[in-house]
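Q: This is the structure I have questions about; it appears just below.
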Amino acid sequence: MASLLEPGVALRPDPMVPRLVTLERTRAETADTFTMELVAPDGVTEFPFLPGQFNMVGALGVGEVPISVSGDPQTPRTIVHTTREVGAVTNALKQLRPGAALTLRGPYGTAWPVEACSGHDVVLIAGGIGLAPLRPVIYEVMRQRARFGRFLVLYGTRSPEDILFAKELSRWRSQFDMELLVTVDRGTEHWRGNVGVVTKLVARAPFEPRETVAMVCGPEVMMRFAVAELRARGVAEPNIHVSLERNMKCGVGLCGHCQLRGEFICRSGPVYSYDRVAPLFEVREL
Amino acid sequence: MVISDSRPERSAVLDARDLGSLLEALQLRGYGPVGPTIVGDAVVLRPIAGVDELPSGVGDAQEPGSYRLAPRDDGRFFGHNLGPSSAKRFLFPPVRSLWTAIRIGPQVRIEANDDPPPKIALIGLRACDLAAIAIQDRVFGREPYVDPHYQAARENALLIAVNCSQAAATCFCASMGTGPRVGGGFDLCLTELLDAGGHRFLVEAGSEKGDQVLADLPTTVATERDRRAARAESDRAQAQIQRRLDTDGLKDVLYRNAEHPYWNTVGERCLACGNCTLVCPTCFCATVEDASDLTGDRTERTRIWDSCFNLEFSYIHGGSVRTSTAARYRQWITHKLGAWIEQFGTSGCVGCGRCIAWCPVGIDITEEAGRLRSEDRAPQPVGR
Amino acid sequence: MHLEDLSRLLSEHPFVHGLEARHVAFLLGCASNVVFQKGDFLFREGGPADKLYLVRYGSVGLQVHFPAKGTHTFNTVGDGEVVGWSWLVEPYVARFDSVALSTVRALALDAKCLRRKCDEDHELGYQMFARIAQVMERRLHAARLQLLDVYG
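In order, the protein sequence lines correspond to chains A, B and C.
My numbering puts the first residue of the first sequence at 14, with every later residue one more than the last.
My numbering puts the first residue of the second sequence at 370, with every later residue one more than the last.
My numbering puts the first residue of the third sequence at 84, with every later residue one more than the last.
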């Protein structure tokens, strides 16, 4: 007689099964942030992605976390992730030595609307680590600079020591037509730049509101206030894009953790036009 | 064996004394029977070896926060209502290994768990259970990222439904349009008949596989009288359903009252234990856990049922998004009765009432939704 | 500088946008054109708040000095913004240091002159209070956001 364990049909490939990648190098960015460069074990396989998409990056035996890709979409052999050391997984990732094996699944999620910016002013507003998911946009805009109108990066951090990609930013500012406005919450003795929150920069930033596509990335409270400033300037809600963050365990719309009302952030986000998610910003603990 | 080609609508009658032949036919075809049986003080779904394990002569009484077995004197095999377990436990198991990473020297290898789930026959599923399976089919089958474990389990499972002959006080399937009479989505459907015609089952086949099993059984021709008797069973169940949920525009009621103070009242009663999500046949949230052996050379990722009532469920660095119990209850019910429609084109509730019976403090989803509707302070849509 | 030039500079500054011409003319009577070099103080903590500065170009840091910890800039004010509202409320004393972080070109409105004119013409007084209140509201909002540490 057949048993309970009689085999049935075979399984399709499981999106929860990661591939292995190799850590090429880790670079400390600030006191609590670091950038990892990952390659396929064969060194050849490419990992194409769109700006704004994320990967589930894992440390074996510890777990997986969603991290936006911070690298250049035109160099897909190297996967670049910049993250903060805030939990067990990112702490473990930080400890890994070059050559170590990591797990990777992705890329997942929606992208920043770089194509739709053609012919428009482009305004990026980043807070803290929020600059990392926007860096691929900067690479793309720089590569095709002539296609866009004015290009502004408004960036706020806690202190001058917390500025990400500082050298790269100043190089871009000097080499390309990019307006970079940086502000910090707490100036130090030697800081000669702006002090105050990043939202303050919006009011007088030189862009044409009706011709602008804005992309905002940072903690939710900072995005809410940045969007309010953009709207006060007259930027239409469908032209404002935000990247949302929620707990994610699968990245593919199966585990349920990242739900925000009807949205699975991992599938229909993380990048949304503001008009779509505006009602969700208004409710606490949603 | 009396009937073959002459069977109208592929149905036949099986004498209750021959119910064992169904289990034998399933086993011969490689399906391990899983059916209702008594464990502790509840009827649950478990692998069974014979009909003697079915809860013959057992009924139950259910109320908000209460489930009690009660003997019945008619010897029905399926005279009970829904127990805490559903098909979910078998199609989407509470714990499932996803993959194992093995380190040998400098090399690491990842082995996916592609063990196919066993072939099983789920016996005794009610109309609401079938509706729940149809909902989970959508949840786990959204391309491009489908859950292959669920899909394989589903393909390997034979669904053998039973029409309800009675309803529990917690049932409200009629409101949800899912029962009590089984509509479709089964391989075989039994209706237990007990009248002057004897103790017997009207057996209907709903699929090719079901047809094949039916052909193996020592059945007799189903008469019009059998069919009338079967309809009477469903009518009795229908008449016993007292609970109601008004689903008309419910999503919008829930959405626009997201900040209604009533949530705090529910939040004060709710223990955030997550029982409702465990017994719910459609709740699908899961987390993952990694475990390594002592050498660190072997690490396994396991998928485990999770619940939106857990504080860690909504954790992002810095803290949880839904810290209050009120926000977590609101998330569960708003998702179940509202957001689900946006996501999957169907309510996430089938009206089985398990969450009502198994809530330790007797919170009743129909009452809470109804209360919110009655307190809906927003203007009603014009022209309704 | 000719009066016409000063008048043009004054009417170009966002702070006076929407003011009636006679009120702009009133303000003009209190105004002078000023330049600060990098490192110059506009106000000193505890010193008299005797001016309202309408910044045309440049960056002004609002600072506090901690003994043994150095100077901390907690806010910067730039093109088209204003520095100083202590002139409007008693005891007319500056709360913090204000220092030019770059060359700063500004219009300085004399506080005593302003206060006198606001006393004489309550319509102008209302306009000044409304504008300074808006500046204060924005500063307070920004300060709250800084306090909230929104980048965490």
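Even glycine gets a Cβ: it sits at the ideal position worked out from N, Cα and C.
1) Who does N158 (chain C) pair with in a DSSP beta bridge?
2) If you count every other CB in all the chains shown that lies within 10 Å of the CB of Q700 (chain B), and 16 or more means buried, which is it?
3) Go to R40 (chain A), then tell me how far its alpha helix (DSSP H) extends in each direction, as first and last residue.
4) Return the chain-ordered ranges of every beta strand (DSSP E) run that is complete within the stretch 64-92 of chain A and spans a minimum of 3 residues.
5) By the three-class DSSP mapping on this structure, what secondary structure does N679 (chain B) have?
6) Among A:G56, A:E77 and A:R40, which residue has its Cα nearest to the Cα of D659 (chain B)?
7) Return helix, strand or coil for T46 (chain A), following the three-state DSSP convention.
8) Can you list the residues of chain C that R199 (chain A) reaches, using a CB-CB cut of under 9 Å?
9) Roughly how many angstroms separate the alpha carbons of E602 (chain B) and A695 (chain B), rounded to a whole number?
10) Could you tell me the boundaries of the beta strand (DSSP E) in which V187 (chain C) lies?
11) Please classify I473 (chain B): is it buried, with 16 or more other beta-carbons within 10 angstroms of its beta-carbon, or exposed?
12) From G717 (chain B) to G269 (chain A), what does the alpha carbon distance come to, in whole angstroms?
13) Would you kindly check if the distance between the Cβ of L559 (chain B) and the Cβ of V531 (chain B) is under 8 Å?
14) Could you tell me the alpha carbon to alpha carbon distance between T212 (chain A) and H96 (chain C), rounded to whole angstroms?
15) Apart from the five residues just before and just after R415 (chain B), which ones in its own chain have a Cβ nearer than 7 Å to its Cβ?
16) With DSSP collapsed to three states, give me the class of R118 (chain A).
17) If the cut-off is 9 Å on Cβ atoms, which residues from the stretch 133-147 of chain C count as contacting chain A, listed in chain order?
18) In the DSSP assignment, find the beta strand (DSSP E) that holds C230 (chain A) and state where it starts and stops.
19) Could you spell out the range, first to last residue, of the alpha helix (DSSP H) harbouring G96 (chain C)?
20) Tell whether a beta-carbon distance below 8 Å holds between L197 (chain C) and W170 (chain C).
21) Measuring only the C-alpha atoms, how far is L586 (chain B) from A53 (chain A)?
22) I need the straight-line Cα distance from L647 (chain B) to A216 (chain C), nearest angstrom please.
23) Determine whether the Cβ of S693 (chain B) lies closer than 8 Å to any Cβ atom of chain A.
24) Assuming L137 (chain A) contacts M228 (chain A) (C-beta within less than 8 Å), just tell me the rounded distance between them.
25) Taking buried to mean at least 16 other C-beta atoms within 10 Å of its own C-beta, is P26 (chain A) buried or exposed?
26) For a quick check, are the C-beta atoms of I732 (chain B) and R638 (chain B) less than 8 Å apart?
27) Compute the Euclidean distance between the alpha carbons of T201 (chain A) and L190 (chain C), then round it to the nearest angstrom.
28) Pull the bridge partners of Y684 (chain B) from the DSSP assignment, please.
29) Smallest Cα separation from S661 (chain B): which of B:D516, B:G567, B:D429 and B:T671?
30) 8 Å is my cut-off, CB to CB: does D162 (chain C) come that close to chain A?
31) Express the C-alpha separation of I734 (chain B) and H704 (chain B) in angstroms, rounding to a whole number.
32) So with CB distances below 7 Å, who are the chain A contacts of G235 (chain C)?
33) Output yes if chain B places a C-beta closer than 8 Å to the C-beta of M29 (chain A); else output no.
34) In the DSSP assignment, find the unbroken beta strand (DSSP E) run with V467 (chain B) in it and report its ends.
35) Could you tell me which residues DSSP pairs with S181 (chain C) in its beta bridges?
36) Using a Cβ-Cβ cut-off of 8 Å, state whether L184 (chain C) counts as contacting chain A.
A: Put simply:
1) Position 75 of the third sequence holds residue 158 (chain C). For N158 (chain C), which the question treats as bridged, DSSP gives the partners C:L145.
2) By 1-based counting over the second sequence, the position of residue 700 (chain B) is 331. Buried, because 16 or more other Cβ atoms sit within 10 Å of the Cβ of Q700 (chain B).
3) Residue mapping note: residue 40 (chain A) aligns to position 27 of the first sequence, counting from 1. Here R40 (chain A) belongs to no alpha helix (DSSP H); instead the beta strand (DSSP E) covers R32 to T43.
4) 67-72 and 76-81
5) One-based indexing of the second sequence puts residue 679 (chain B) at position 310. Coil at N679 (chain B), not helix or strand.
6) Numbered from its first residue, the second sequence carries residue 659 (chain B) at position 290. When each option's Cα is compared against that of D659 (chain B), the closest is A:E77.
7) Translated into the one-based positions of the first sequence, residue 46 (chain A) becomes position 33. Three-state DSSP puts T46 (chain A) in a strand.
8) As a working mapping, residue 199 (chain A) is identified with position 186 in the first sequence. Correct list: H155, T156, F157 and Q229.
9) Taking the first residue of the second sequence as position 1, residue 602 (chain B) is located at position 233. Taking the first residue of the second sequence as position 1, residue 695 (chain B) is located at position 326. Taking the straight line from one Cα to the other gives about 41 Å.
10) To locate residue 187 (chain C), count along the third sequence from 1; it is residue 104. Where V187 (chain C) is concerned, the enclosing beta strand (DSSP E) stretches over V187 to D193.
11) Here residue 473 (chain B) refers to the residue found at position 104 when the second sequence is read from its first residue. Looking at its Cβ environment, which holds fewer than 16 other Cβ atoms inside 10 Å, I473 (chain B) is exposed.
12) Taking the second sequence and counting its residues from 1, one reaches residue 717 (chain B) at position 348. Taking the first sequence and counting its residues from 1, one reaches residue 269 (chain A) at position 256. If I take the Cα positions, the gap works out to 13 Å.
13) Taking the first residue of the second sequence as 1, we reach residue 531 (chain B) at position 162. Taking the first residue of the second sequence as 1, we reach residue 559 (chain B) at position 190. Yes, the pair counts as a contact, with Cβ atoms nearer than the cut-off.
14) To locate residue 212 (chain A), count along the first sequence from 1; it is residue 199. To locate residue 96 (chain C), count along the third sequence from 1; it is residue 13. About 22 Å.
15) Within the second sequence, numbered from 1, the residue matching residue 415 (chain B) stands at position 46. The answer, listed in chain order, is V403, T406 and V408.
16) Against the first sequence, residue 118 (chain A) aligns to sequence position 105. Strand, per DSSP.
17) S142, G144, L145 and Q146
18) Within the first sequence, residue 230 (chain A) is the residue found at index 217, counting from 1. Counting along the chain, the beta strand (DSSP E) containing C230 (chain A) begins and ends at T225 to C230.
19) Indexing the third sequence from 1 puts residue 96 (chain C) at position 13. The sequence shown places His at residue 96 (chain C), not Gly. No alpha helix (DSSP H) holds H96 (chain C); DSSP gives it neither H nor E.
20) By 1-based counting over the third sequence, the position of residue 197 (chain C) is 114. By 1-based counting over the third sequence, the position of residue 170 (chain C) is 87. The answer is yes: Cβ separation under 8 Å.
21) Counting from one through the second sequence, the residue named residue 586 (chain B) turns up at place 217. Counting from one through the first sequence, the residue named residue 53 (chain A) turns up at place 40. The straight-line gap from Cα to Cα measures roughly 57 Å.
22) Here residue 647 (chain B) refers to the residue found at position 278 of the second sequence. Here residue 216 (chain C) refers to the residue found at position 133 of the third sequence. Taking the straight line joining both Cα atoms gives about 56 Å.
23) Indexing the second sequence from 1 puts residue 693 (chain B) at position 324. Yes - at least one Cβ of chain A is within 8 Å of the one on S693 (chain B).
24) Here residue 137 (chain A) refers to the residue found at position 124 of the first sequence. Here residue 228 (chain A) refers to the residue found at position 215 of the first sequence. The pair is a contact, with the Cβ atoms about 5 Å apart (cut-off 8 Å).
25) By 1-based counting over the first sequence, the position of residue 26 (chain A) is 13. Under this definition P26 (chain A) is an exposed residue.
26) For this step, residue 732 (chain B) is matched to residue 363 along the second sequence. For this step, residue 638 (chain B) is matched to residue 269 along the second sequence. It is a contact, given that the beta carbons lie within the stated cut-off.
27) Walking along the first sequence from the start, residue 201 (chain A) turns up at place 188. Walking along the third sequence from the start, residue 190 (chain C) turns up at place 107. C-alpha separation (whole angstroms): 28 Å.
28) Stepping through the second sequence from its first residue, residue 684 (chain B) is reached at position 315. According to DSSP, Y684 (chain B) bridges with B:S689.
29) Here residue 661 (chain B) refers to the residue found at position 292 when the second sequence is read from its first residue. Nearest option by C-alpha distance: B:T671.
30) Here the question's residue 162 (chain C) lines up with position 79 in the third sequence. Yes, because at least one Cβ of chain A sits closer than 8 Å to the Cβ of D162 (chain C).
31) The residue labelled residue 704 (chain B) in the question sits at position 335 within the second sequence. The residue labelled residue 734 (chain B) in the question sits at position 365 within the second sequence. Each residue's alpha carbon lies about 12 Å from the other.
32) Translated into the one-based positions of the third sequence, residue 235 (chain C) becomes position 152. What G235 (chain C) touches in chain A: P232.
33) For the purposes of this step, residue 29 (chain A) is taken as residue 16 along the first sequence, with counting starting at 1. Chain B, which has a Cβ nearer than 8 Å to the Cβ of M29 (chain A), makes this yes.
34) By one-based count along the second sequence, residue 467 (chain B) stands at place 98. The sequence shown places Leu at residue 467 (chain B), not Val. First-last of the beta strand (DSSP E) with L467 (chain B): V464 to I473.
35) Here residue 181 (chain C) corresponds to residue number 98 of the third sequence, with the count starting at 1. BP columns for S181 (chain C) point to C:F126 and C:L145.
36) Taking the first residue of the third sequence as position 1, residue 184 (chain C) is located at position 101. Yes - at least one Cβ of chain A is within 8 Å of the one on L184 (chain C).
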